[in-house]
Amino acid sequence: MSYQQLYARWRDDPEAFWTQAARAIDWDRPASRAYFDQGPAGEWFADGMVNACWNAIDRHVAAGHGDRLAVIHDSPMTDSVTRLTYGELQDRVARLAGVMAARGIAKGDRVIIYMPMIPEALEAMLACARIGAIHSVVFGGFAAHELAVRIDDARPRAILAASCGLEPGRTVAYKPLMDRAIDEAAHKPDFTIVLQRPECAAQMTAGRDLDWTEAVAAATPADCVPVEGNHPAYILYTSGTTGQPKGVVRHTGGHLVALAWSVPNIYGIGPGDVFWVASDVGWVVGHSYIVYGPLIAGATTVIFEGKPVGTPDAGTFWRVIADHKVKSFFTAPTAIRAVKREDPEGSLVARHHLSSLQALFLAGERADPDTVAWAEDRVKVPVIDHWWQTETGWPIAANPFGVEMMAVKKGSPTVPMPGYDVQVLDEAGQPVAPGTLGAIAIKLPLPPGTLPTLWQAEDRFRRAYLDHFPGFYETGDAGYIDEDGYVWIMARTDDVINVAGHRLSTGAMEEVLSSHPAVAECAVIGVADPLKGQAPLGLLCLKKGVETDPAQITAEVVRMVRDRIGPVAAFKTACVVDRLPKTRSGKILRATMAKIADGEAVKAPATIDDPAILDEVRAALAGVGYPMGSV
1 MSYQQLYARW RDDPEAFWTQ AARAIDWDRP ASRAYFDQGP AGEWFADGMV
51 NACWNAIDRH VAAGHGDRLA VIHDSPMTDS VTRLTYGELQ DRVARLAGVM
101 AARGIAKGDR VIIYMPMIPE ALEAMLACAR IGAIHSVVFG GFAAHELAVR
151 IDDARPRAIL AASCGLEPGR TVAYKPLMDR AIDEAAHKPD FTIVLQRPEC
201 AAQMTAGRDL DWTEAVAAAT PADCVPVEGN HPAYILYTSG TTGQPKGVVR
251 HTGGHLVALA WSVPNIYGIG PGDVFWVASD VGWVVGHSYI VYGPLIAGAT
301 TVIFEGKPVG TPDAGTFWRV IADHKVKSFF TAPTAIRAVK REDPEGSLVA
351 RHHLSSLQAL FLAGERADPD TVAWAEDRVK VPVIDHWWQT ETGWPIAANP
401 FGVEMMAVKK GSPTVPMPGY DVQVLDEAGQ PVAPGTLGAI AIKLPLPPGT
451 LPTLWQAEDR FRRAYLDHFP GFYETGDAGY IDEDGYVWIM ARTDDVINVA
501 GHRLSTGAME EVLSSHPAVA ECAVIGVADP LKGQAPLGLL CLKKGVETDP
551 AQITAEVVRM VRDRIGPVAA FKTACVVDRL PKTRSGKILR ATMAKIADGE
601 AVKAPATIDD PAILDEVRAA LAGVGYPMGS V
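Sequential numbering from 1 applies to the sequence shown in the UniProt record's numbering.
Written as structure tokens, this is what we have:
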């Protein structure tokens, strides 16, 4: 079946399409229908009964695949590799679930998970799903105050944590952060379960903290508890514009169906294949495609505790792919840009045998054409950009690799997936012509697996996503759809800048800057301008080994933007920085840099990877005349 046939089959009868897709899941009781017109945005498989842990682990063991490899944990931080079969994973998860059940954790209770990238993080998520508890993963090492905010919002009965996480050159003690967060929070968990890692022993609080290893060894395994299709599987907090994090809710039934459909059809992964997503379980990518998706498919998932560079070098991605015979690899464009910056010629790629690899998938930041081309030339497999959000839980637009490899247009995540009626709207909510920049929205209802609401904040859900364009979900992204139906994501809506009345995409300017041979990565921000309202400002990170005078490079990129986009862009200023501020998932903090340039007070976002980078950016901007102060 071609993509066009597949999409038409969904469009012509969404109910039949998703009912058929639901047959890939084991149900204790099938839903009476697929779509339920209830709640603020509709629900899927609401009256079915199902268990996520059963579908990820137990059904494979029951089918005789207990000896199949489920998890590979590759940790250059500890120089170790651990492998778990489905049978071993089942035992570990059931025992951990038993620890919680014996202490009163039951269906509907919340559990916060605060852990690094180790197998136990995955086990904690699945153990919650096994007994119907709702998990909320918070990045291990997240600031104590931010963890406290999430404790007060989710009100967990328990917290599962590790004693520490490992970063290049340092050990981050998690337990003191958790203790401070509990002290600060108004809500107190009944107990915690702490995994003592050998790199850092945590001091335990008597009467509250349980030793993970001891408790699991003594536990009675717990059985899977069926839950309704619209029972929340998890809450995942994403940054909110008010400073109060938004708790994205994921319903169990639709989540399972969407992942069971997307893993083979988008990523080309089936039973026994090795799928590696170089992300973190603190992000939605980790939930969907490190934990639930690959295991639902009966595949092997790789959990990686390291960085794209520095653990030990820019060849670590290729080493992991070769060592574990990875079939599909998924990472963020910013990770590939980091690798490209350290190894611009790709010499480290050639040291590893990558014959197992069928495709490299990119998401998280816009994949600029230069980065895609660099990876294609070095890795010699299709490099596939795709676009989705924490809120959607699985791709909105993608190249359906498992169905049909469509022509790649570098810079586009290709086409909408079944379930997503993607449209581009003007400010009045009217569709615009092909090729016209506008706000990207999705006609309701959203497909299975997407957020039905926010945790205990339905009004906020409506305001944030539904009210601006009635009948649509507002993605917050700006872009266009071309004559062939390809989607182009050019910027966050907030990053579209208005220069003398012209709406311009920062992404289009970034494409030009990144094509300069000396530029490894870049960002364009809109800064206040007393004459034009806003003016674009470029920040450049150079490739390793570049000896050209930075002043020459900035002059050259200014000319390039003028030549390719035109004088209307009013692009006159660029500066070189050593690093760009990013979240831990690799998203560039453009809005934060724009505030610095405008002279506003800036608080380091909770998700920032390294707050010290903001001082470096401030110094670089001052060197080209910013901050200019509020206008």
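Ideal Cβ positions, reconstructed from N, Cα and C, are used throughout, including at glycine.
All of these numbers come straight from a predicted model, not from anything done at the bench.
Relative to the C-alpha of residue i, which residue among the options is closest?
i, options, result
"Ile-151", "Cys-200, Glu-510 and His-135", "His-135"
"Ala-133", "Ala-101, Gly-141, Asp-153 and Ala-162", "Ala-101"
"Gln-4", "Gly-545, Tyr-486, Thr-493 and Arg-208", "Tyr-486"
"Val-291", "Ile-321, Ala-322, Phe-317 and Leu-259", "Leu-259"
"Thr-205", "Lys-603, Met-178 and Ala-398", "Met-178"
"Leu-580", "Pro-550, Ala-31, Lys-572 and Val-617", "Val-617"
"Ala-162", "Trp-212, Cys-522 and Thr-238", "Trp-212"
"Arg-463", "Arg-250, Ala-428, Gln-358 and Ala-41", "Ala-41"
"Val-227", "Ala-535, Arg-460 and Asp-109", "Asp-109"
"Ala-144", "Leu-160, Glu-88 and Pro-176", "Pro-176"
"Thr-171", "Lys-188, Gly-140 and Lys-380", "Gly-140"
"Leu-6", "Glu-404, Pro-550 and Ala-439", "Glu-404"
"Pro-434", "Phe-472, His-251, Gly-476 and Tyr-480", "Tyr-480"
"Thr-583", "Lys-572, Ala-332, Leu-539 and Arg-564", "Ala-332"
"Asp-37", "Pro-447, Ile-105, Cys-522 and Pro-567", "Pro-447"
Output needed for residue i: all residues of its chain with C-beta closer than 7 angstroms, excluding positions within five of it in sequence on either side, in chain order.
i, result
"Ala-335", "Ala-278, Pro-308 and Gly-586"
"Arg-559", "none"
"Ala-594", "Ile-525, Gly-526 and Val-527"
"Asp-26", "Trp-54, Asn-55 and Arg-59"
"Pro-119", "Val-71, His-73, Thr-82, Leu-84 and Ile-303"
"Ala-373", "Lys-410"
Under a Cβ-count criterion, where at least 16 other Cβ atoms within 10 Å of its own Cβ denotes burial, should residue i be classed as buried or exposed?
i, result
"Pro-413", "buried"
"Pro-395", "buried"
"Gly-623", "exposed"
"Ser-80", "exposed"
"Ser-2", "exposed"
"Val-424", "buried"
"Asp-598", "buried"
"Ala-367", "buried"
"Gly-315", "buried"
"His-353", "exposed"
"Glu-483", "exposed"
"Ser-347", "exposed"
"Thr-301", "buried"
"Arg-92", "buried"
So what does residue i bridge to, in DSSP terms?
i, result
"Thr-85", "Leu-69"
"Tyr-237", "Gly-247"
"Phe-329", "Trp-276 and Leu-360"
"Asp-91", "DSSP output for Asp-91 lists no bridge partner at all."
"Ser-136", "Ile-112"
"Ile-159", "Ile-112 and Thr-192"
"Ser-75", "Ser-80"
Using 8 angstroms as the threshold, is the C-beta distance between residue i and residue j below it?
i, j, result
"Cys-541", "Val-512", "no"
"Val-320", "Asp-74", "yes"
"Cys-575", "Thr-592", "no"
"Thr-192", "Leu-166", "no"
"Gly-247", "Ala-62", "no"
"Val-138", "Met-125", "no"
"Ala-154", "Ile-235", "yes"
"Met-490", "Val-561", "no"
"Gln-358", "Lys-327", "yes"
"Ala-181", "Cys-200", "no"
"Arg-378", "Lys-543", "no"
"Pro-418", "Phe-17", "yes"
"Gly-229", "Ala-46", "yes"
Considering only residues of the same chain and omitting the five flanking positions on each side of residue i, which have a CB-CB separation below 8 angstroms?
i, result
"Arg-83", "Leu-69, Val-71, Ile-72 and His-73"
"Ser-355", "none"
"Val-631", "Residue placement at Val-631 is poorly supported in this model, since its pLDDT is 30, which falls under 50; the coordinates still yield a value, given next. Answer for Val-631: Ala-528, Asp-529, Pro-530 and Asp-598, listed in chain order."
"Asn-498", "Leu-504, Gly-526, Gly-533 and Gln-534"
"Leu-614", "Pro-581, Thr-592, Ile-596, Val-602, Ala-604 and Ile-608"
Going by beta carbon distance, what residues of the same chain come within less than 6 angstroms of residue i, once the five residues before and after it are set aside?
i, result
"Tyr-420", "Ile-396 and Ile-442"
"Gly-449", "Gly-254, His-255, Ala-258, Gly-393 and Trp-394"
"Thr-242", "In this prediction, Thr-242 has a pLDDT of 49, which is less than 50 and means its spatial position is unreliable; nothing more can be read from the coordinates."
"Ile-296", "Asn-55, Ala-56, Leu-259 and Ala-260"
"residue 632", "With the chain covering only 1 through 631, there is no way to say anything about residue 632."
"Gly-293", "Leu-259 and Val-263"
"Thr-220", "Gly-98"
"Trp-387", "Ile-396, Ala-397, Pro-413 and Ile-489"
Would residue i count as contacting chain D if we go by Cβ distances under 8 angstroms?
i, result
"Arg-92", "Of the protein chains in the structure, only one exists, and it is not chain D."
Run the proximity test for residue i: is its beta-carbon closer than 7 angstroms to any non-hydrogen atom belonging to the ligand MG?
i, result
"Arg-618", "As far as ligands go, the structure on display features none, and thus does not contain the ligand MG."
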